[in-house]
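Q:
Number of protein chains: 2
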Amino acid sequence: MLEHAFRMRSTIRRKPQRGSYDRAVIHRVLDEGLVAHVGFAVDGMPFVIPMVYARLGDELILHGAVASRMLKEGSTGVDMCATVTIIDGLVLARSWMHHSMNYRSVVVFGRSREITDREEKLAALTAVIDHATPGRSRESRWPDDKELAATRVISLSIDEASAKQRKGGPLPDEGEDAALPHWAGELPLAIRPGAPIADPTCDGVQLPASLTRDRW
Amino acid sequence: MLEHAFRMRSTIRRKPQRGSYDRAVIHRVLDEGLVAHVGFAVDGMPFVIPMVYARLGDELILHGAVASRMLKEGSTGVDMCATVTIIDGLVLARSWMHHSMNYRSVVVFGRSREITDREEKLAALTAVIDHATPGRSRESRWPDDKELAATRVISLSIDEASAKQRKGGPLPDEGEDAALPHWAGELPLAIRPGAPIADPTCDGVQLPASLTRDRW
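Top to bottom, those sequences are chains A and B. Numbers 2 to 217, taken from the working numbering, label the letters of the first sequence in order. Numbers 2 to 217, taken from the working numbering, label the letters of the second sequence in order.
So this is what it looks like as structure tokens:
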């Protein structure tokens, strides 16, 4: 299941009816997701690393410590594949074969580019801070020069990307399966927030707006 | 953030204090996760595909249609990297630099092996069906020979794997940061189920035990 591009990269081969190259659909999934699984190959060996990310226009922004080998590699311009998946539910059917998962996912292929220009770097990091908590960049202290220098930022263009999704209940059971006594249907799933836990040093500090918007 | 093995593959280089090679820790994360992001390289080009999976003993089980190019590739024994990430929360700090995410993740490196023996294949598919919904394999119809033949199952050994996690609130703010008026703390996040949606054909069929166990 859940197969995206292969060989032709962003051409969806398996279950193409579930696929889309619509930029708005791709942006929506990227804006809602929280973690990108970033793949790259070293001597033909694949690595997949979970990373915080942000979308800024048509770019996917990744960041980390300058010492990170993965980002060091990325800074030289290498082929990467970043995949974001949102799980929407489990699909239970009368037969094993029709069990499935509801999801939305985006696969981005691109050559990494390091962002070194100070203004562009700050804009990229602003997008990262605001991605999961909109407006948080204005509720906390910006990086100073030393912190900026210790942070590497790379981007992937979203030019070559595809979205894929499945939604709804199980495929209709056919023939004898339809008469089986088993329950079939869907269990919706979603990431939900618990109650915020304030740092012990935050006595009397009001909960920030970034945690009280529609996002959470 | 969230960096796993690199160069030495399962040797954790960045923030090694967050890492673990403990088999029980690795199993717990794999058993709780729902989707694996599976990476492989074709002519040096990385691909990362979200897939349903299961752990069976010390093996990670993947499956899909025989027509899937990715699984066809996998059936020939190729290097793969499968990463499972569970998001536990957002970490907000007074400075951008100390923002983070709480998570648990496992990276498995391995050479894929196709499972063709009928009994072994059925056991692997049982694990897949029961992974997200324990006991579901006994609440639904097993695959017949035709369905089995249309399904390819591959496994990766969990021999070379590492777990990584971050938990708790933000790092303590130092110096002038400690006096900043911003809120700092943690927003716990977890995947939660909504109300099950029965298929229209399931009038009067009782909700299955697999949806009423501790898992959901």
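Ideal Cβ positions, reconstructed from N, Cα and C, are used throughout, including at glycine.
(1) Would a C-beta distance cut-off of 8 angstroms place Ile-87 (chain B) and Gly-34 (chain B) closer than the cut-off?
(2) Mapping DSSP to helix, strand and coil, what is Arg-70 (chain B)?
(3) Classify His-5 (chain A) as buried or exposed, calling it buried when 16 or more other Cβ atoms lie within 10 Å of its own Cβ.
(4) Where Thr-12 (chain B) and Pro-173 (chain B) are concerned, what is the direct C-alpha to C-alpha distance, given to the nearest angstrom?
(5) What are the boundary residues of the alpha helix (DSSP H) that Leu-91 (chain A) is part of?
(6) Using 8 angstroms as the threshold, is the stretch 155-169 of chain B in touch with the stretch 59-72 of chain B, meaning 3 or more CB pairs across them?
(7) Considering only the beta carbon of each residue, do Pro-182 (chain A) and Val-206 (chain B) sit closer than 8 angstroms?
(8) By a C-beta neighbour count over all protein chains shown, 10 Å radius and 16 as the cutoff for buried, is Ala-55 (chain A) buried or exposed?
(9) Chain A beta carbons: is any one of them nearer than 8 angstroms to that of Leu-35 (chain B)?
(10) In terms of alpha-carbon separation, which member of A:Ala-37, A:Asp-204, A:Phe-41, A:Val-43 lies closest to Leu-63 (chain A)?
(11) Can you check DSSP and say which residues form a bridge with Gln-207 (chain B)?
(12) What is the DSSP secondary structure of Gly-182 (chain A), reduced to helix, strand or coil?
(13) Scan the stretch 49-62 of chain B for residues whose Cβ lies nearer than 7 angstroms to a Cβ of chain A and list them as they occur along the chain.
(14) For Thr-77 (chain A), which three-state DSSP category applies?
(15) Shorter than 8 angstroms from the beta carbon of Val-154 (chain B) to some beta carbon of chain A?
(16) Can you give me the start and stop residues for the alpha helix (DSSP H) that Glu-120 (chain A) sits inside?
(17) Examine chain E for any beta-carbon lying closer than 8 angstroms to the beta-carbon of Gly-111 (chain B), and answer yes or no.
(18) Ala-94 (chain A) and Pro-171 (chain A) look like a contact to me (Cβ under 8 angstroms); what is the Cβ gap, rounded to whole Å?
(19) Can you find a C-beta in chain B that's less than 8 angstroms from the C-beta of Glu-175 (chain A)?
(20) Residues in its own chain within less than 8 angstroms of Gly-65 (chain B) by CB, not counting five upstream and five downstream?
(21) Is Pro-17 (chain A) buried or exposed, if buried means 16 or more other CB atoms sit within 10 Å of its CB?
(22) Within a Cβ cutoff of 7 angstroms, which residues of the same chain sit near Thr-100 (chain A), ignoring the five residues on either side of it in sequence?
(23) Evaluate contact between the stretch 192-208 of chain B and the stretch 106-123 of chain B, counting only Cβ atoms and requiring at least three cross-stretch pairs below 8 angstroms.
(24) For a contact defined as C-beta to C-beta under 7 angstroms, what are the partners of Arg-142 (chain A) on chain B?
(25) Is the stretch 124-143 of chain B touching the stretch 209-217 of chain B in the sense that three or more CB pairs, one from each, lie closer than 8 angstroms?
(26) Would you tell me roughly how many angstroms separate the C-alpha atoms of Phe-41 (chain A) and Ala-42 (chain B), rounded to the nearest one?
(27) Assign Lys-165 (chain A) to one of three DSSP states: helix, strand, or coil.
(28) From Ser-163 (chain B) to Gly-20 (chain B), what distance separates their C-alpha atoms?
(29) What does DSSP give as the partner residue(s) for Met-102 (chain B) in the beta ladder?
(30) What does Glu-115 (chain B) touch in chain A if you count any residue whose Cβ is under 8 angstroms from its own?
(31) In whole angstroms, what separates the C-alpha of Val-67 (chain B) from that of Ala-150 (chain B)?
(32) Any Cβ of chain B within less than 8 angstroms of the Cβ of Glu-187 (chain A)?
(33) Just list the residues that DSSP pairs Ser-141 (chain B) with in beta bridges.
(34) Against Tyr-104 (chain B), what residues of chain A qualify as contacts under a CB-to-CB distance less than 8 angstroms, listed in chain order?
(35) How big is the Cα-Cα spacing for Trp-184 (chain A) and Glu-177 (chain A)?
(36) Which residue comes first and which comes last in the alpha helix (DSSP H) that contains Arg-56 (chain A)?
A: Based on what the coordinates show:
(1) yes
(2) helix
(3) The predicted model places His-5 (chain A) with a pLDDT of 48, which falls under 50 and marks its position as unreliable; any figure quoted below should be read in that light. Classification for His-5 (chain A): buried.
(4) 28 angstroms
(5) Looking at the DSSP string, Leu-91 (chain A) is not in any alpha helix (DSSP H); the run it does join, the beta strand (DSSP E), is 80-93.
(6) yes
(7) yes
(8) buried
(9) yes
(10) A:Ala-37
(11) DSSP output for Gln-207 (chain B) lists no bridge partner at all.
(12) Gly is not the amino acid found at residue 182 (chain A); the sequence shown has Pro there. In the structure shown, Pro-182 (chain A) sits in coil (DSSP, three-state: anything other than H, G, I, E or B).
(13) Val-49, Ile-50, Pro-51, Met-52, Val-53
(14) coil
(15) no
(16) 119-133
(17) Included in the structure are the protein chains A and B, with no chain E among them.
(18) 4 angstroms
(19) no
(20) Met-52, Met-71, Leu-72, Thr-152, Arg-153
(21) exposed
(22) For the record, residue 100 (chain A) in the displayed sequence is His; it is not Thr. Closer than 7 angstroms at the Cβ level, and outside the excluded window around His-100 (chain A), lie Val-92, Leu-93, Ala-94.
(23) no
(24) Arg-95, Ser-96, Trp-97, Asp-178, Leu-181
(25) yes
(26) 8 angstroms
(27) strand
(28) 7 angstroms
(29) B:Leu-91
(30) None at all; the shortest Cβ gap to chain A is about 17 angstroms.
(31) 8 angstroms
(32) yes
(33) Ser-141 (chain B) is not bridged to any residue.
(34) Val-36, Pro-51
(35) 15 angstroms
(36) Element bounds for Arg-56 (chain A): not the alpha helix (DSSP H) but the beta strand (DSSP E), 46-57.
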